[in-house]
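Before any comments, here is the structure.
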Amino acid sequence: MELCAKKHPPEEERRVRANAREYNEKFQYASNCIKTSKYNVLTFLPVNLFEQFQEVANTYFLFLLILQLIPQISSLSWFTTIVPLVLVLTITAVKDATDDYFRHKSDNQVNNRQSQVLINGSLQQEQWMNVRVGDIIKLENNQFVAADLLLLSSSEPHGLCYIETAELDGETNMKVRQASPVTSVLGDISRLAQFDGEVICEPPNNKLDKFSGTLYWKENKYPLSNQNMLLRGCMLRNTECCFGLVIFAGPDTKLMQNSGRTKFKRTSIDRLMNTLVLWIFGFLVCMGVILAIGNGIWEYEVGACFQIYLPWDAAVDSAFFSGFLSFWSYIIILNTVVPISLYVSVEVIRLGHSYFINWDKKMYCAQRQTPAEARTTTLNEELGQVEYIFSDKTGTLTQNIMVFSKCSIHGRSYGDVLDVLGHKAELGERTEPVDFSFNPLADPRFRFWDASLLEAVKLGDPHVHEFFRLLSLCHTVMSEEKSEGELYYKAQSPDEGALVTAARNFSFVFRSRTPKTITVHELGQAVTYQLLAILDFNNVRKRMSVIVRSPEGRIRLYCKGADTILLERLHPAHHELLNVTTDHLNEYAAEGLRTLVLAYKDLEDGYYEDWAEQLLRASTALEGREDRLAHLYEEVERDMMLLGATAIEDKLQQGVPETIAILTLANIKIWVLTGDKQETAVNIGYSCKMLTDDMTEVFIVTGHTVLEVREELRKAREKMMDSSRSMGNGFSCQEKLSSSGLSSVLEAIAGEYALVINGHSLAHALEADMELEFLETACACKAVICCRVTPLQKAQVVELVKKYKKAVTLAIGDGANDVSMIKTAHIGVGISGQEGIQAVLASDYSFSQFKFLQRLLLVHGRWSYLRMCKFLCYFFYKNFAFTMVHFWFGFFCGFSAQTVYDQYFITLYNIVYTSLPVLAMGVFDQDVTEQRSMEYPKLYEPGQLNLLFNKREFFICIAQGIYTSVLLFFLPYGVFADTALGADYQSFAVTVATSLVIVVSVQIGLDTGFWTAINHFFIWGSLAVYFAILFAMHSNGLFQMFPNQFRFVGNAQNTLAQPTVWLTITLTTVVCIMPVVAFRFLKLDLKPELSDTVRYTQLVRKKQRAQHRYLRRVGRAGSRRSGYAFSHQEGFGELIMSGKNMRLSSLALSSFATRSGSSWIETLRKKKGGDSNANSPSGGADKPLKV
Amino acid sequence: MKNKNSQKAEERPSRCPDNSAFKQQRLPAWKPKLTAPTVLSSFFVIGLFCLLVGICLILSARSVKEIQINYSDTCRDCSKLREDSSNWDKECNCSAHFTLQENVTGDVFLYYRLENFYQNHRRYVLSRSDAQLLGQDVNIQNSYCAPFSTYSNGTPMAPCGAIANSMFNDTIHLSYYINSSTAIQVPLLKSGNSWWSDKNVKFRNPSSYNLSSAFAGTARPPYWQKPVYLLDEEDERNNGYINDDFVIWMRVSAFPTFRNVYRRLSPTKQFADGLPAGNYTFHIAYNFPVTKFKGKKQVLLSTITWSGGSNLFLGIAYTVSGAVTVLAGFIITAIHLKFRTKKTYFQRQNPSR
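These protein sequence lines are chains W and S, in that order.
In this text, residue positions in the first sequence follow our numbering: the first is 9, and each later residue adds one.
In this text, residue positions in the second sequence follow our numbering: the first is 133, and each later residue adds one.
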């Protein structure tokens, strides 16, 4: 463990030699052990104490404690400070220790994962933490990559291997990595053990998609790129096994480099509290100075003469020195304005709120059996102040399940469930899914609700047949069949898988493929098509096509792609069909479905021959190959016949649109940061109602250069400015909405804009000179979507908003790629219950569904904030009322730092007499019920605007406290001074203390808005306990045991027996409380009706109406936007055509399905004859791989 | 990972939180609201109550009769003499005359009153040893009594500390002129003026066969003229630490101006109902220096009532706050009524939109 912590000087380049531990040890690279924990058994106490004493408050109390130990100064016993201080330190330490224990546990779990390392020519099981740079390790299918590896060889042909990078960057599609050709032949262990190549590469960095290095082996240089790398956090998929050379380990891996540093999070109230404590400290010093000067003057004028009765202390030789000492004495007495119990109480309240979150049944997910969890207990009230939410997409907003939902075939739309009257019906419980049992090859998990489509298939509608034929042919999915009928599709994107699966269930079963053929079971009959060409997908084309020759010998091109692109390339003859299909597409798009247009084209034999020849020439051309290919593709994909369109639902998590709508109403801005593609992200934006067709404009920033991005941002801003000016409203972005003014709300509604920004553009936009521009633009928009962002960029965006907006940010995500963002944001929320727990481990709160966020914020957050604010207000009030009495008394006791109260009262006041009622209020108080909080999201706004506890509120509390202290002191003074009765110090002390306890109890009764049995018990109990302790402390027994400690013997009975004392207490209570009642009542009577309540209800109703409007509008025509959103990758077509990615075994398996001549296998065998690896036993062993 | 989780879930039947009212924050609760009827009625009720109490208090304080004579001014010679501490052993007597126009009936108390005497100073308050005063044999050197704890030869002071040392030691007698020439001593009680708990619990003499032996080995405080066991030679139960004058002095006052009970009129003979009208004279043995620290001494005769002495403060405070509360009640009512019309106006406007 200790090794992990070693620091290294920054490296300039990294040299790694394979199988040479001794050589590599010279460089002292970080080992593969990761450490996120902070302490160990030995360092815990000193480090933790050091950390705790970095808190201003704790040091302050330590300082006070030291002061109290000086007898000349000590005006209070030392125990008044040390008891609470020790209590606070212990509670915090225990909490830190448990937190760290769990971090140790998770570290250990990761560090002790097993991996197979090649040591001395044989494979040995090693723990991850013992893997060294330069080791060669073997990875098996579905294993996590242990460190950043250089892929040396794999079981697959050509050294290919597939990885899933979801944990790393959130992209869900599989990626291909290929070993360098020289190393890919090192198939077996003995050859690998002799491998002694040396890699020289860049030092560790956090760029996930870049790697540059060189392999020196046998006096040759080979370039290495990211294509050869397997990064830690990835998972090996569809690959038997592979070998890799460890380049970066542990903290140097790109995954770890990308996860931001763990920072201690504080809430804004914490920060405010610390500021206030400093101010109070300043105030304390001022009071101390005033009283010290008073003391100096008094000692000079009066005390000097009074020395016959009261000589100065031996050490005191002048009035000045006496004043100096009295300064410190007063600092000690008056320190209770910031009692240390404040910090304990705050922690206790937050802990209570955390438990309420953990206990909340409405945030429990029954499916995954995961309750919500507050993993950090110190941030609760911040949940009530969130202004920006940064959300991941995949796994957070969506379930990452693609479902074939609807389709339009030859002008008819399928997929809607119609009720008896022919209206669209909602999916109820009664609707039965279509029965696919007739089809033995059907995927049992597939659900479709519209039976008419199946009927159409059965009736033999040629269009429908052609439609599904296209789906079963035009794709790059690989199939695997362990036994007859048990088909598994390996799709590189889930969308494609969904489409092929749909075709499969509708009896067009894609069975197997070879580089030159595709076998499909059409309505139970095996048909083998000859695959002539795959016109691969890329981001510009946004479409893919296949050219196949049917068994009848007809050559046909099948194409699927984005509507915007495809609709232009259709044959003009089908105008009517095009219109109908466009309507359907719009309808689908408006529902947030991902759409694809399908088309075909028959090709003449002669034309195809010509074209194929040109293609061959183009693909072998040395210059401008890409362009020439693109041109050829363009040429053939023209004048196609429209078949229809598909609509795929990227399944949202439950309740996402509703949650987003409610959070938006609560004036929370939601930004989606996703590693996914722009189209996908935008689509999700629409389906979860972040983007709507009502929006004035959606700006899309995709510039590749600084200038382009700047220009695009500027244009967006100008447009917004223009339109708001034309609306007659001033455009305001930077300034916060002034306290819920009607006009500003309207203004925000007036222009609804959204911003979509791309990863590269974001990189430029986040540079120091442009970040403000970007932020201004983004903040003016209702919705912001950043796509293709790296984990670090996510964190940078959050950091940017944090830095300039001074707003509370919340990041929510589920994957390892969200960790940095979760750590950066004020509040990090992890979606739990899914694979991968890194996000949860880094998060402050975790639950399993995005929709719980609204409850977390609007109910728990709001209450926490409210309770904390009420608590703080009352707390400062009660302590000022308590302490300031000493200040006034100073003027009557020769500024001698004599306390008004008994020292036991001072010790117990904050801990016993007044702590529980305010804690009960801080834990249980509710202003409105949870239902109201959800119904009126506007109720959330005071938290965002920081209205309930801020400097102004603080001063009001302080003023009230001082007012109370004045009355508490001067009313008894008026009664007691110079009278015959009870004018002694002890009676006065008891009277003031009793008045104080009663006044603050009445005040807490007034503040408590929600009197549960516990509140009753605590409030009445505290009063009872006060009197009980008072009488006990003043009892004879205690005095006789400790006469010098309990001097107030008999005081309670004697003082409280006098009617005047009770009359004084009553009067003080009345005079302290009645103004507060009057003020509160007037505020309640005058203010809320005028500003808040009426406006709330009006605005909320208005907004809800507006929301209903667009929800209803969903059915109507949407915008012409492309829903094409495949998480496709370029290059798969080529792979398939080359046959590279086909394992012999799987090819062999597919042969029984093909039945017909398998001559191509022979050719392939011949072709691969030289490649011994392909036939090696390890490569041949076949297991069914589930995707 | 997933498998592990689901296994765990199976082992533990449910991780679902309890559906208890407490955990779901649905505890039944009383939600008080500041409604107009409760607030306004409380204002009027409390206001009227305060007014009533205030008037009673004023009336009762008015009934108190009080005579106050500032003898540190009257006995200027003695004051001067005492300013020089070397004259501590010289006696100085002084008398002050006053006339009662009417009878003072009821319990009459004789007080001494000190001005500008900081009994509430922190160091003064601390300067005592309650253990010593409880008759326990304690090491007073460790107490806060310094510098009045031991003499330089090591003899401890009994009682120790600045409070005890500065005890008020003037003796005051009151004589009544039955006629212009004959005066009789007004009978005054010197015990029974202190709290029972002080006299019986807080202060105890050290136990021994007699008081002087109990205090053997100790010395009187430097400013005292006689040792503690001679404070009241006539009454054994009022001597030593449990001497009433001493006990009362040791109960330090809250403010620098204070009065302590000195004597109580013994209701005997012609004084059975109080002090009759006529001429009186205080005979004062002036021992206690005050002018040095700009202090003043008074002697006071006063009756008491249930509400205390002649202090009008509480009565006035009650009356004023009662009046203000009632007034505030009216103002709030006015504001509330005026506003209520506004509110309905708003509400009516709302649906019309």
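Even for Gly, the Cβ is constructed at its ideal location relative to N, Cα and C.
Rounded distance between the beta-carbons of residue j and residue i, thought under 8 Å
| i | j | result |
| --- | --- | --- |
| residue 382/S | residue 296/S | 7 Å |
| residue 762/W | residue 721/W | With a Cβ gap of about 14 Å, residue 762/W and residue 721/W do not count as contacting. |
| residue 482/W | residue 654/W | That belief does not hold up - the Cβ atoms of residue 482/W and residue 654/W are roughly 11 Å apart, past 8 Å. |
Contact with chain S by residue i, beta-carbon distance below 8 Å
| i | result |
| --- | --- |
| residue 1164/W | Because residue 1164/W carries a pLDDT of 36, less than 50, the predicted location of this residue cannot be relied on, and no value is offered for it. |
| residue 1072/W | yes |
| residue 1020/W | yes |
| residue 1028/W | no |
| residue 605/W | no |
| residue 1055/W | yes |
| residue 26/W | no |
| residue 1079/W | yes |
Chain W within 8 Å of residue i, Cβ atoms only
| i | result |
| --- | --- |
| residue 450/S | yes |
| residue 279/S | yes |
| residue 305/S | no |
| residue 201/S | no |
| residue 173/S | no |
| residue 415/S | no |
| residue 286/S | no |
| residue 468/S | yes |
For residue i, three-class secondary structure by DSSP
| i | result |
| --- | --- |
| residue 412/W | strand |
| residue 199/S | strand |
| residue 549/W | coil |
| residue 116/W | helix |
| residue 241/S | strand |
| residue 742/W | Note that residue 742/W has pLDDT 38, beneath the 50 cutoff, so the model's placement of it is unreliable and no number is given. |
| residue 49/W | coil |
| residue 1041/W | helix |
Burial state of residue i, where buried means 16 or more other Cβ atoms lie within 10 Å
| i | result |
| --- | --- |
| residue 466/S | exposed |
| residue 669/W | buried |
| residue 632/W | exposed |
| residue 42/W | buried |
| residue 679/W | buried |
| residue 453/S | buried |
| residue 287/S | exposed |
Beta-carbon proximity check, residue i vs residue j, cutoff 8 Å
| i | j | result |
| --- | --- | --- |
| residue 663/W | residue 859/W | yes |
| residue 200/W | residue 147/W | no |
| residue 256/S | residue 318/W | yes |
| residue 360/S | residue 330/S | no |
| residue 935/W | residue 874/W | yes |
| residue 969/W | residue 796/W | no |
| residue 25/W | residue 227/W | no |
| residue 168/S | residue 443/S | no |
| residue 799/W | residue 828/W | yes |
| residue 277/W | residue 164/W | no |
| residue 611/W | residue 623/W | no |
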